[in-house]
């Protein structure tokens, strides 16, 4: 079945709204060298690719939401960020375990 004409702009606008809301919640957003509020979705993605925000976590958030959303879906956005948080928590746990093993003379 062919896609409905005009669907992509609505999907992109929805993604842009969610991404900008996430960026507004980011700590120290006022220190960013880029004004994300004035950017389109395409400009946000390009800036993230080039790391123009100066913070790779912001780039990660932009890509995670862009790739995982099909428009303005706040519940799905929360799921995506929660999953990323859980994955980062697992990495943090692994780093602590490695540090403890090293401090205890282990080789793990």
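In our numbering, the protein residues as written are 4 to 111. A virtual CB, placed ideally from N, CA and C, is assigned to each residue, including glycine.
Give the straight-line distance between the Cα atoms of residue 96 and residue 50, rounded to the nearest whole angstrom. Reading the chain shown from its first residue, position 93 is the one you call residue 96. Reading the chain shown from its first residue, position 47 is the one you call residue 50. Looking at the two C-alpha atoms, the distance is approximately 31 Å.
Validate contact between the segment 10-28 and the segment 57-69 using beta carbons, cut 8 Å, 3 pairs: yes
Evaluate residue 43 with the Cβ neighbour count: other Cβ atoms within 10 Å of its Cβ, from every protein chain shown; 16 or more gives buried, anything less gives exposed. Residue mapping note: residue 43 aligns to position 40 of the chain shown, counting from 1. The residue is exposed, with fewer than 16 neighbouring Cβ atoms inside 10 Å.
Rank 73, 64, 75 by C-alpha distance to the C-alpha of residue 85 and give the top, closest one. As a working mapping, residue 85 is identified with position 82 in the chain shown. Per the Cα distances, 64.
In the structure shown, what three-state DSSP assignment does residue 12 receive? Along the chain shown, one-based indexing puts residue 12 at 9. DSSP places residue 12 in helix when its eight states are reduced to three.
Neighbourhood of residue 31 by C-beta, 6 Å cutoff - its chain only, sequence neighbours within 5 removed: One-based indexing of the chain shown puts residue 31 at position 28. So the list is empty, once near-sequence residues are dropped.
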